[in-house]
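Chemist: Dropping a structure here in structure tokens format, bear with me for questions.
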Amino acid sequence: MPVTKTKKVIPAEPPHQLKKNQAMAWAKERLSDPNTIIVDVETTGLLTRDPETKIVSLSMINHKGQVILTSLVNPERPIPLDSQKIHGIEDRDVKDCMPWSVIGDIASMLMKDKHLVCYNAGFDVHLMVHLFGKYGIPVPDFEVSCAMEMYSQFVGEWSKSKGDYKWQKLPHLAYGSAHDSLVDCQSTLLLMKKMVGDFSDEPETESISLDF
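Numbering (the working numbering), first residue to last: 1 to 212.
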């Protein structure tokens, strides 16, 4: 029998208000949950392009914005110039810092039984778990959700070619430089607050790139 090709079905755009309400409910739940930890990392590059990608900065804050952990990390390898231009972290900045074998062990303990929120969780969490395995650090039990996916759903800009919502850049809402892991954590928290109608902080117009 001849093989018949099935036509790829591209999902239709869902009712935006329903999806926006779901994104708002997600933000409200995460902001009210003391187990929520907002996490961001800066790296030597992209794991998909470089299997030796390492973390050079890690920050964690809780649902109230209190800092749980923020630290530069010695990647034990040179930081490529392209990456230095993105986050501004140079080899000399991390040469005397603790390596992932120490910082990762602390992060693993802090993550246990928590709900991690990251802006592009597929990048941050995937790399952290990868490095846990590489360094023999136990991978803790935790839940995770992606603030970028939920904010993109909140905005509702539909991509017909993608068959899903277009990814949105993280607005630069916190004081400090974009691509600073702590500043990006704080911007993510402020963005979640604005998703639920908390406009007590004035946003800035700058945005950071999606080239994490």
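We treat Cβ as the ideally placed atom computed from N, Cα and C, and that holds for glycine.
1. Based on the DSSP secondary-structure assignment, which residues constitute the bridge partners of M60?
2. Are the Cβ atoms of I103 and V73 separated by less than 7 Å?
3. Mind the definition here: the segment 57-77 touches the segment 181-194 only if three or more C-beta pairs lie below 8 Å; say whether that holds.
4. The beta strand (DSSP E) with C118 in it runs from where to where?
5. Is it buried or exposed for R30, if we count other Cβ within 10 angstroms and need 16 for buried?
6. So, using beta-carbon positions, are A23 and M192 closer together than 7 Å?
7. Mind listing, in chain order, the continuous alpha helix (DSSP H) runs of no fewer than 4 residues lying wholly within the segment 134-197?
8. So what does P99 bridge to, in DSSP terms?
9. Tell me whether I86 sits in a helix, a strand or coil according to DSSP, three-state version.
10. Give the C-beta separation of L116 and F154 to the nearest angstrom, bearing in mind that I take them to be a contact with Cβ-Cβ under 8 Å.
11. Just confirm the distance between the C-beta atoms of A107 and L81, as a whole number of angstroms; I'd bet it's less than 8 Å.
12. Are the CB atoms of P140 and M111 nearer to each other than 7 Å?
13. Beta-carbon within less than 6 Å of D40's beta-carbon, same chain only, minus the 5 sequence neighbours each way: which residues are those?
14. Taking the alpha helix (DSSP H) that K112 falls in, what are its first and last residues?
15. Where S159 and E90 are concerned, what is the direct C-alpha to C-alpha distance, given to the nearest angstrom?
16. Would you give the residue range spanned by the alpha helix (DSSP H) that D33 belongs to?
17. I'd like to know whether the C-beta atoms of Y165 and A147 end up nearer to each other than 7 Å.
18. Here's the rule I'm using: 16 or more other beta-carbon atoms within 10 Å means buried, otherwise exposed. How should Q17 be labelled?
19. To the nearest whole angstrom, what separates the beta carbons of L127 and T53, a pair I think is in contact under 8 Å?
20. Taking the beta carbon of Y175 as the centre, do at least 16 other beta carbons fall within 10 Å, making it buried, or is it exposed?
21. For I79, which of helix, strand or coil comes out of DSSP?
22. Hey, how far is the Cα of Q66 from the Cα of P15?
23. Locate the alpha helix (DSSP H) running through R92, then write down its first and last residues.
Modeler: On the basis of the coordinates in this document:
1. V39, L69
2. yes
3. yes
4. 115-118
5. buried
6. no
7. 147-155, 181-195
8. N74
9. helix
10. The pair is not a contact, with the Cβ atoms about 19 Å apart (cut-off 8 Å).
11. Wrong, their Cβ atoms sit about 27 Å apart, outside the cutoff.
12. yes
13. S59, S181, D184, C185
14. Run containing K112: none; DSSP gives neither H nor E here.
15. 37 Å
16. Here D33 belongs to no alpha helix (DSSP H), and DSSP marks it neither H nor E.
17. no
18. exposed
19. 7 Å
20. exposed
21. coil
22. 36 Å
23. 91-94
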